[in-house]
Every structure is written in structure tokens, then in C-alpha cells.
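**Student:** This structure is in C-alpha cells; I'll ask about it shortly.
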Amino acid sequence: MSKMKCLVAELGIIDYQSALDLQMNLVTMRAESKLPDMLLLLEHPHVYTVGRRFDSSHLVLTDEEMEMKGVKLFHSDRGGEITYHGPGQLVGYPIIEIGGISMIKYYLRNLEEVLLRTVRDFGIDADRLPGYPGVWFGLEKLGAIGLRVSRGVTKHGFALNVATDLCYFDGIIPCGLRDKGVTSLSKLLGLEVPLEPVRSRVIENFGRVFHVDMVPIPGEEILKVGLGEIPINKEYYAG
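Numbering (my numbering), first residue to last: -11 to 227.
What follows is the structure, given as C-alpha cells:
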């Protein structure tokens, strides 16, 4: 019996607003069964994003300091608190139909498993931290997860610190956790880790954990699909 297909698109560096708009359009199309499941992989320019539980005291920098550092602030519709996205961080946005809210916990655990398998492929013995979503190395967060489910379809997703400039986390209280830190693959391994091999492992592990066939689709094509410029090619659907 053939597996369901999940499209995977590598979008390069894309600003947060454009990525959010793209997700909104793709979620609507997925909910209307106009698209199969998909995974978007990308990087963002420097940005602090805040979720629905944001406490303003967790943003340390002033507007002037953020401008000097070249980092923007963006209010998001995901759950959670404040976090940072930037170059060297692999961001993944799965657009997946999971059904009702009863499946959210199962879905979150699967996302964590994808990241855990990926960092372990690079020799990092990371783990879960009970009560705190994401992937941890001791009390330092290596991969963050935040999501929203609309009409049974997921948006937002995960951010894995690969070669991230961790100094940008100094401008916030990441996820509102004052007693915990952040780390990256590069810091833990003591060398600069390129994104490409990590991205490849994420794609492979995502397919294994979610039991789907990962089907590459050009990033420029999925951008045009999301803008309504072209329809999705039916060959991408599970047959």
C-alpha cells in the first residue's frame, strides 16, 4: 500500500510577513482539499516574534536598540511567548491536515521526534524536557516549536538552531523562561554546521516519523501556488 505524499519546498530566506501570508493561503487551500500536505523549509531575516501569551517584560531591547541590531518585532497568531528567528536557523512550517484538537498533542510529539532524530544524527544527545515543548540539551533549548491549527490544518511549526547567532537571544527572555538558555548545533559541536545536511536529515526524518513520502517541489512553484498564480500539479497528490 502506497504512502500519502507530503510536498517539501525549500524557500531560502523569506521575510516573516511573506511567510505568514503564504501559510494563510496554503492553509485555506489545504482545508479545501486543493493541496496535499506540505512542509516549507526556510530561514528568516532577524526578527523577534511574539505569540498570544506574550508578556512585554520579556522583550529586553528598546525600539532604538532593535533598530541598531537590525531586528524587527512581529506579532504572530501562534501560541506561546517571544522567540527569535534569523539566518543560520532552520525554520519548518508544516501545512498538514491533522483533524480535531485531540490530535494536537500527538502532532507536537511527532514534531519533537523529527528534531530529536535530526540532532542525534549529528551526535547530539538531546531530549525532551517535561512540561516544556521543543528539543533540549540539558536546560538549553536547541529547537523551538509553536503552532496554530485552523480548520484542522496546522501552520507555524519549528525552529532549529543550527548556526544561529545566539547573541540575538540576549535581547529577549526566550519563551518567557528566565531560568533556561538556548544553544545551537554549531555551539555544541564546536564547529560551523551548514544548513544543507541538517535540512536533508529533517526531510528524511519527517517522512519517517509522519509515515509519508516526501516529494520535492521547487520553492518558486509553491510561492506561485500560494499566490494563486498557478494551480498545483495533480501529479503531486498521493495516488
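We put the CB at the ideal spot given by N, CA and C, even for glycine.
Since we're looking at a predicted model, the values are computed, not measured.
Count the other CB atoms, across all protein chains shown, that sit within 10 Å of the CB of residue 213; report buried if there are 16 or more and exposed otherwise.
**Tutor:** With 16 or more other Cβ atoms within 10 Å, it is buried.
**Student:** Here's the rule: buried if 16 or more other CB atoms are within 10 angstroms of the residue's CB, otherwise exposed. What is residue 193?
**Tutor:** So residue 193 counts as buried.
**Student:** Within the segment 124 to 191, note down every full alpha helix (DSSP H) run reaching 4 residues or more, in order along the chain.
**Tutor:** Qualifying alpha helix (DSSP H) stretches, in chain order: 173 to 177.
**Student:** Are the segment 54 to 66 and the segment 23 to 43 in contact at 8 Å, needing three or more beta carbon pairs?
**Tutor:** Cβ pair count under 8 Å is three or more, so yes.
**Student:** Assuming residue 27 contacts residue 160 (C-beta within less than 8 Å), just tell me the rounded distance between them.
**Tutor:** With a Cβ gap of about 27 Å, residue 27 and residue 160 do not count as contacting.
**Student:** Measure how close the beta-carbons of residue 173 and residue 186 come, nearest whole angstrom, since I'm counting them as under 8 Å.
**Tutor:** So it is a contact: roughly 7 Å between Cβ atoms.
**Student:** Have a look at the DSSP bridge pairing and note the partners of residue 62.
**Tutor:** Paired residue(s): 37.
**Student:** Let's test the definition: count the other Cβ atoms within 10 Å of the Cβ of residue 3 and tell me whether it reaches 16, buried, or not, exposed.
**Tutor:** Per the 10 Å Cβ criterion, exposed.
**Student:** Going along the chain, which residues of its own chain have a beta-carbon closer than 7 Å to the beta-carbon of residue 85, five neighbours each way excluded?
**Tutor:** Within the same chain, residue 85 has close Cβ partners 18, 25, 140 and 141.
**Student:** Check for me: the beta strand (DSSP E) holding residue 31 runs from which residue to which?
**Tutor:** Taken as a continuous stretch (DSSP letters only), the beta strand (DSSP E) holding residue 31 covers 25 to 31.
**Student:** Determine the burial state of residue 11: buried for a count of at least 16 other Cβ atoms within 10 Å of its Cβ, exposed for fewer.
**Tutor:** Under this definition residue 11 is a buried residue.
**Student:** Do the segment 119 to 137 and the segment 69 to 89 meet, that is, are 3 or more Cβ pairs less than 8 Å apart?
**Tutor:** With the cut-off at 8 Å, the segment 119 to 137 and the segment 69 to 89 touch.
**Student:** Figure out for me which residue from 151, 41 and 60 has the closest Cα to the Cα of residue 50.
**Tutor:** When only C-alpha atoms are compared, the closest one is 60.
**Student:** Given a cut-off of 9 Å, decide if residue -5 and residue 203 are closer than it, judged by their beta-carbon atoms.
**Tutor:** The answer is yes: Cβ separation under 9 Å.
**Student:** Where residue 164 and residue 222 are concerned, what is the direct C-alpha to C-alpha distance, given to the nearest angstrom?
**Tutor:** About 44 Å.
**Student:** What does residue 203 pair with, by DSSP beta-bridge criteria?
**Tutor:** Beta-bridge pairing links residue 203 to -5.
**Student:** Taking DSSP as the reference, what is the three-state secondary structure of residue 109?
**Tutor:** Helix.
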